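**Q**
2 protein chains.
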Amino acid sequence: MPSADRRLQPRRKPRQVRAELTRERILTAAAHVFTEYGYAAGTTNRIAERARISIGSLYQYFPNKDAILAQLLIRHIDRGTWTEADRLDLSPGTLRATVQALVRDAIDSHSEDPQLLRIMIEEAPLSQDLLDAIDRHGRIRTAQIRDLLSRHPDVRVGDVGTAADLILFTIEMNTHKLMAAPSTVPVETFATELVDMVTRYLRGD
Amino acid sequence: MPSADRRLQPRRKPRQVRAELTRERILTAAAHVFTEYGYAAGTTNRIAERARISIGSLYQYFPNKDAILAQLLIRHIDRGTWTEADRLDLSPGTLRATVQALVRDAIDSHSEDPQLLRIMIEEAPLSQDLLDAIDRHGRIRTAQIRDLLSRHPDVRVGDVGTAADLILFTIEMNTHKLMAAPSTVPVETFATELVDMVTRYLRGD
DNA sequence: CACTATTGTGAGCAATAGCTCAGCTATTCT
DNA sequence: AGAATAGCTGAGCTATTGCTCACAATAGTG
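The listed protein sequences correspond, in order, to chains A and B. Quick note on full-length UniProt numbering: the first sequence kicks off at 1 and runs consecutively. Quick note on full-length UniProt numbering: the second sequence kicks off at 1 and runs consecutively.
#1: Is the CB-CB distance between T192 (chain B) and G158 (chain A) below 9 Å?
#2: Could you list the residues in the stretch 23-43 of chain A with a C-beta less than 7 Å from some C-beta on chain B, going in chain order?
#3: In chain order, which continuous runs of the alpha helix (DSSP H) of length 4 or greater are located wholly inside the stretch 13-77 of chain B?
#4: Under 8 Å by Cβ, that's how I've got A67 (chain A) and R25 (chain A) pegged, so tell me the actual separation to the nearest angstrom.
#5: Where do the ends of the alpha helix (DSSP H) carrying S111 (chain B) lie?
#6: Could you spell out where the alpha helix (DSSP H) holding V195 (chain A) opens and where it closes?
#7: Using C-beta distances below 7 Å, list every residue in its chain close to L116 (chain B), excluding the 5 sequence neighbours before and after it, in chain order.
#8: Is any beta-carbon of chain B found at less than 9 Å from that of R46 (chain A)?
#9: Closest to P63 (chain B) by C-alpha separation, out of B:V185, B:R23, B:S150 and B:R203, would be which residue?
#10: Using beta-carbon positions only, say whether I171 (chain A) and L102 (chain A) come within less than 9 Å of one another.
#11: Report, in whole angstroms, the separation of the C-beta atoms of M179 (chain B) and S91 (chain B), which I expect to be a contact under 8 Å.
#12: Between the C-alpha atoms of I107 (chain B) and A19 (chain A), what's the straight-line distance to the nearest angstrom?
#13: In terms of residue numbering, what span does the alpha helix (DSSP H) encompassing R118 (chain A) cover?
#14: Please say whether T142 (chain B) and D165 (chain B) have beta carbons closer to each other than 9 Å?
#15: Taking the CB atoms as reference points, tell me whether G161 (chain B) and V187 (chain A) lie closer together than 9 Å.
#16: What does the alpha-carbon distance come out to for the pair R46 (chain B) and R118 (chain A)?
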């Protein structure tokens with residue numbers, strides 16, 4: 001049993017609604033501040049100021065700055081509502097639609113707050129606990145896709161495990177880029193090409 | 001004319017060999033320190049200490065910390081010796097070999113110091129000047145590939161511009177991941193699959 | 001209301017960072 | 001050799017940060 005990282009645990013549990021509200025305010029403010037200033041320049045005092053609570057209150061619910069970002073990241077991961085793998089169409093000839101669903105999922109999970117996500121991914125001080133959580137989620141997701149690929153009649157690749165890794169990462173990163181920076185190419189066009197690439201790969205012509 | 005960012009310009013130009021040597025020592029030390037500690041924790045004092053020069057000397061050649069990392073990044077970009085596009089085989093049936101050359105380039109340019117590269121890419125404070133430089137290089141590269149794709153008889157995609165963007169980024173990021181973190185899958189296998197994916201996409205079966 | 005538990009406050013501490021500057025040493029020039 | 005220029009030093013200044021703690025305010029309870 002992985003004893004949760006003490007460095008990220010809150011020091012006090014909210015027992016009144018008012019407290020839960022304060023906690024919420026802190027997280028909301030932190031999201032805004034990190035988005036605007038980045039992680040390093042997004043100071044705890046700025047967060048407290050924006051949340052309109054005192055810096056002391058902030059430290060009652062989060063033992064340190066890292067814990068705040070960690071909480072935001074864990075929330076994002078948990079909130080990620082993927083298309084259930086078993087709801088995807090597995091009949092022949094629908095591989096493209098399946099891939100399209102994956103890309104759409106990726107776009108959805110990035111469209112909420114691309115800036116914050118970028119900071120969380122690129123600047124987060126990744127504790128072992130957090131890395132484990134992310135890794136666990138990643139493994140589950142990969143396993144789902146591997147399963148899906150191995151059951152789909154149209155998929156013809158050497159190793160489904162490698163293929164799952166490759167396409168998930170490729171979709172993730174391309175979507176990330178697409179959403180984070182305004183591109184010269186229209187979003188739709190790029191997404192279509194991405195779907196094409198993955199589909200053709202999986203078909204293994 | 002883009003008047004170079006004053007914040008990144010050295011405050012004194014080396015006029016003696018000894019000075020040029022010191023500058024070199026600083027950059028080498030910085031590369032090591034950033035690799036070991038990351039950007040934020042890689043302090044200027046630590047860099048000076050490692051270079052075995054005084055902190056004052058450091059600030060004679062670099063106006064601030066950002067400028068040091070910027071210099072390292074620019075060096076890396078300039079040093080990148082890509083396979084010349086016009087040396088690639090364009091005869092039919094060799095598309096796979098062409099793509100393989102691109103992937104090999106990417107792997108080569110990442111194998112020197114993956115850790116440092118990760119830091120430069122993910123933690124560098126990107127000034128407008130630096131962004132411009134990177135963008136310029138990117139455009140040149142993309143143009144090269146677009147040209148290559150449009151001339152190759154086997155390539156069948158909707159828009160070569162979009163395709164060039166897509167495959168360059170995909171190759172770059174996957175290689176980056178491959179080199180930065182030890183994977184469960186062997187490098188060769190992953191590289192092969194990546195080549196397959198891109199090739200099949202370009203063939204547009 | 002009186003008493004306790006919970007929540008909130010914010011001045012300021014300790015640590016650390018980037019960076020300066022007055023003065024030194026080494027090299028080049030005449 | 002002496003003067004002028006270029007290069008080097010490092011104690012310490014200034015600014016900022018994450019975070020503490022003694023105390024005040026509020027909510028729950030009988």
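Even for Gly, the Cβ is constructed at its ideal location relative to N, Cα and C. All of these numbers come straight from a predicted model, not from anything done at the bench.
**A** Short version:
#1: As a first step, residue 192 (chain B) must be located in the second sequence, where it is residue number 192. As a first step, residue 158 (chain A) must be located in the first sequence, where it is residue number 158. Yes, the Cβ-Cβ distance between T192 (chain B) and G158 (chain A) is below 9 Å.
#2: A40
#3: 17-41, 44-51 and 55-61
#4: Your numbering for residue 67 (chain A) matches position 67 in the first sequence. Your numbering for residue 25 (chain A) matches position 25 in the first sequence. With 8 Å as the limit, A67 (chain A) and R25 (chain A) do not qualify as a contact, their Cβ atoms being about 16 Å apart.
#5: Locating residue 111 (chain B) in the second sequence gives position 111, counting from the first residue. S111 (chain B) -> alpha helix (DSSP H) spans L95 to S111.
#6: Along the first sequence, one-based indexing puts residue 195 (chain A) at 195. First-last of the alpha helix (DSSP H) with V195 (chain A): V187 to R203.
#7: Mapped onto the second sequence, residue 116 (chain B) falls at position 116. Result list for L116 (chain B): A31, F34 and T35, in chain order.
#8: Mapped onto the first sequence, residue 46 (chain A) falls at position 46. With 9 Å as the cut-off, R46 (chain A) does not count as an interface residue toward chain B.
#9: Within the second sequence, residue 63 (chain B) is the residue found at index 63, counting from 1. When each option's Cα is compared against that of P63 (chain B), the closest is B:R23.
#10: Position 171 of the first sequence holds residue 171 (chain A). Position 102 of the first sequence holds residue 102 (chain A). Yes, these two residues count as a Cβ contact at 9 Å.
#11: Numbered from 1 along the second sequence, position 179 holds the residue referred to as residue 179 (chain B). Numbered from 1 along the second sequence, position 91 holds the residue referred to as residue 91 (chain B). Going by Cβ atoms, the distance from M179 (chain B) to S91 (chain B) rounds to 31 Å, so no, they are not a contact pair.
#12: Counted from its first residue, the second sequence places residue 107 (chain B) at position 107. Counted from its first residue, the first sequence places residue 19 (chain A) at position 19. Distance between the alpha carbons of I107 (chain B) and A19 (chain A): 51 Å.
#13: For the purposes of this step, residue 118 (chain A) is taken as the residue at position 118 of the first sequence. Where R118 (chain A) is concerned, the enclosing alpha helix (DSSP H) stretches over P114 to E123.
#14: By one-based count along the second sequence, residue 165 (chain B) stands at place 165. By one-based count along the second sequence, residue 142 (chain B) stands at place 142. Yes; because the gap between Cβ atoms is below 9 Å, this pair is in contact.
#15: Locating residue 161 (chain B) in the second sequence gives position 161, where the first residue counts as 1. Locating residue 187 (chain A) in the first sequence gives position 187, where the first residue counts as 1. No, the Cβ-Cβ distance between G161 (chain B) and V187 (chain A) is not below 9 Å.
#16: In the second sequence, residue 46 (chain B) corresponds to position 46, counting from 1. In the first sequence, residue 118 (chain A) corresponds to position 118, counting from 1. When rounded, the distance between both Cα atoms is 29 Å.
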